[in-house]
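**Q**
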Amino acid sequence: MSKKIAPAEGKLGILLVGLGAVSTTFVAGVELVKRGLSVPMGSLTQMGHIRLGKRTEKNSPLVKDFVPLAQLEDLSFAAWDVFEDNAYEAAVKAGVLTPEDLEKIKEPLSQLKPYPAAFDRNYVKKLEGKHIKTGNRREIAQSIIADIEDFKQKSGVSRLVMIWCGSTEVFLKAGPAHQSLSTFEKALDQDDKSIAPSMLYAYAALKQGIPFANGAPNLTVDIPALQELAHETNTPISGKDFKTGQTLMKTILAPGFKARYLGLSGWFSTNILGNRDGEVLDDPENFKTKEESKLGVLDTILQPTLYPELYGNLYHKVRINYYPPRKDNKEGWDNIDLLGWLGYPMQIKVDFLCRDSILAAPLVLDLVLFSDLAKRAGMRGIQEWLSFYYKSPMTAPDLYPEHNLFIQEMKLKNTLRYLMGEEQITHLGIEYYNNFKD
Ligand SMILES: NC(=O)c1ccc[n+]([C@@H]2O[C@H](COP(=O)([O-])OP(=O)(O)OC[C@H]3O[C@@H](n4cnc5c(N)ncnc54)[C@H](O)[C@@H]3O)[C@@H](O)[C@H]2O)c1
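In my numbering, the protein residues as written are 4 to 441.
1) Check whether the Cβ of N139 sits closer than 7 Å to any heavy atom of ligand 1, and report yes or no.
2) Would you grab the beta carbon distance between R379 and A233 for me? Rounded to a whole angstrom, and I think it's under 8 Å.
3) In whole angstroms, what separates the C-alpha of M252 from that of G138?
4) Would K210 and I148 be called neighbours here (beta carbons separated by less than 8 Å)?
5) Taking the C-alpha atoms as reference points, what is the distance between T308 and A219?
6) So, using beta-carbon positions, are S272 and K320 closer together than 8 Å?
7) From G242 to K291, what does the alpha carbon distance come to, in whole angstroms?
8) Would you call the segment 282 to 290 and the segment 154 to 173 in contact, with 3 or more CB pairs under 8 Å?
9) According to DSSP, is Q350 helix, strand or coil?
10) Check P307 in the structure and name its three-state DSSP category.
11) Counting only runs that start and end within the segment 184 to 219, where is the beta strand (DSSP E) found for 3 or more residues in a row?
12) So what's M44 in DSSP terms, helix, strand or just coil?
13) On the criterion of 16 or more Cβ atoms from any shown chain inside 10 Å, does R58 qualify as buried, or is it exposed?
14) On a CA-only basis, which of L163, A121 and S185 is nearest F80? Give me that one, please.
15) Classify D244: buried if its beta carbon has 16 or more other beta carbons within 10 angstroms, exposed otherwise.
16) Please work out which residues of its chain come closer than 8 Å, Cβ to Cβ, to A121, disregarding the five sequence neighbours upstream and downstream, and give them in chain order.
17) Is the closest heavy atom of ligand 1 to the C-beta of T273 under 7 Å?
18) Leaving aside the five residues before and after R141 along the sequence, list all residues of the same chain whose C-beta is less than 6 Å from its C-beta, in chain order.
19) Run through the segment 47 to 135 for me and flag every whole alpha helix (DSSP H) of 4 or more residues, listed as ranges in chain order.
20) Which residues share a DSSP beta bridge with Y314?
21) Within 7 Å: the Cβ of D84 and any heavy atom of ligand 2?
22) Please report the distance separating the alpha-carbon of H181 from that of M423.
23) Between P348 and the rest of its own chain, which residues show a CB-CB distance below 8 Å, the 5 nearest in sequence each way excluded?
24) Is the segment 41 to 51 in contact with the segment 148 to 158, if contact means three or more CB pairs nearer than 8 Å?
25) Using the C-alpha atoms, what's the distance from S374 back to N89?
26) Thinking just about the alpha-carbon of each residue, which of Q74, G32 and F154 is nearest to the one in E106?
27) What is the DSSP secondary structure of D340, reduced to helix, strand or coil?
28) Please identify the residue among Y314, K297, L298 and G23 whose C-alpha is closest to the C-alpha of L305.
29) Can you confirm whether the segment 29 to 46 touches the segment 359 to 370 when touching is taken to mean that 3 or more C-beta pairs between the two stretches lie within less than 8 Å?
30) Can you tell which of V70, R358 and E405 has its C-alpha closest to the C-alpha of T254?
31) Quick check on the DSSP output: the beta strand (DSSP E) that includes G269 runs from which residue to which?
32) What do you get for P179, buried or exposed, if any count of 16 or more other CB atoms within 10 angstroms of its CB means buried?
33) CA-CA distance, L78 and P111?
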């Protein structure tokens, strides 16, 4: 039996917090694809197929034909940023897409002008924007709600999704204000500094039942207070930190080594990047948030406590270096010290010349479409099936996160099958063979 899913009728409003490299590359991409001028590579919702039933049935529809998703033609965008630049100006500055590509969609991009940001410099030291809201935290949250209302009126959208594509905030641990909705709301009134700006956006969205996805490693909705609110308003949440570049490679390679019981003695990862994200991460406190997110992935894939001889002594180091000449075209090097039969050492070197925002933009698209689907399907709270997209997937408190990209993909597709009342695919496949004597 399929779940009851409300149809994707009317327009879907995408609320982008932060109008930088990732957001503008995402909006530009949607505008180009909509016009038939480009191809949405990297997007599972647009390019992916999903197998249904047995292999012999040869039934693999496109994901977007299988589940009722919003169409690209029905997307409409709003944004907040600490800079006043419209999406065209911001995209030119980000320097991700060529001037020729941007010229083709200059008009819609120029129309996307950000609302003033909820910003606190203590959370992002390297940014000094003037386009910001004033007032205490309660007033600022109200002002975000008013912006959302304004956008709704002007655009005529019938549903909304919010996604954090803003800068990485400084490292923060959940404190007393974050423990319940009532302590959180009290803290808003008291302008408590432990409420990060990202939490104000998330609060404003969840309060109105708008799904929230978190593309950065910030704590944001990973606190009991906002999870309580998500449950109260029947709203899906997910995060954290888009899984692109080096960590994507790591969660592709590590499950392979583990599957073959190859040991690891060291994994050294370093990056150079020169975009604004790189500049923000040049501050040690902001880098710490990212570092925690990047370091976490190997442990749960390799399970060193179960496999002490193979992974008990792994030295794992991650570095990010701000290097302006590279702009958005990051270079990520990995040196992997591998151990084979009898502990004989081997090495693998990975040199990934990637494009950060080109890898992140399709994830934004999939996340907003799936978050909207989840809402229409009556799902609420943490959406673990969206782990596929994140470096630090949110999970229920007692669960360790699943980082293996292939398990994450299976979980995502099985969730879609589950929603549509199709059989789960276990890959057992024994029914194709006469393996047992009668
Ligand atoms: N590109 C990737 O591959 C990737 C991967 C994982 C995570 N991320 C994260 O995604 C986020 C966006 O990356 P990006 O390359 O677009 O960075 P960016 O610096 O180009 O854009 C971020 C934008 O957010 C704005 N901003 C900062 N604080 C804000 C606030 N409180 N309210 C509104 N706007 C605010 C900044 O002014 C900036 O324009 C970063 O946190 C980054 O760490 C990116």
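Glycine included, C-beta positions come from ideal geometry on N, C-alpha and C.
**A** So, from the listed chains and residues:
1) no
2) Going by Cβ atoms, the distance from R379 to A233 rounds to 16 Å, so no, they are not a contact pair.
3) 43 Å
4) yes
5) 29 Å
6) yes
7) 17 Å
8) yes
9) strand
10) coil
11) 215 to 217
12) coil
13) exposed
14) L163
15) buried
16) W83, I135, K136, I143, A144, S146, I147, P200, L203 and Y204
17) no
18) L191 and D192
19) 47 to 50, 66 to 69, 90 to 97, 102 to 107 and 109 to 114
20) DSSP lists no partner for Y314.
21) What this structure holds is ligand 1, not ligand 2.
22) 36 Å
23) S268, D340, L341 and L342
24) no
25) 26 Å
26) G32
27) strand
28) Y314
29) yes
30) E405
31) G266 to L276
32) exposed
33) 12 Å
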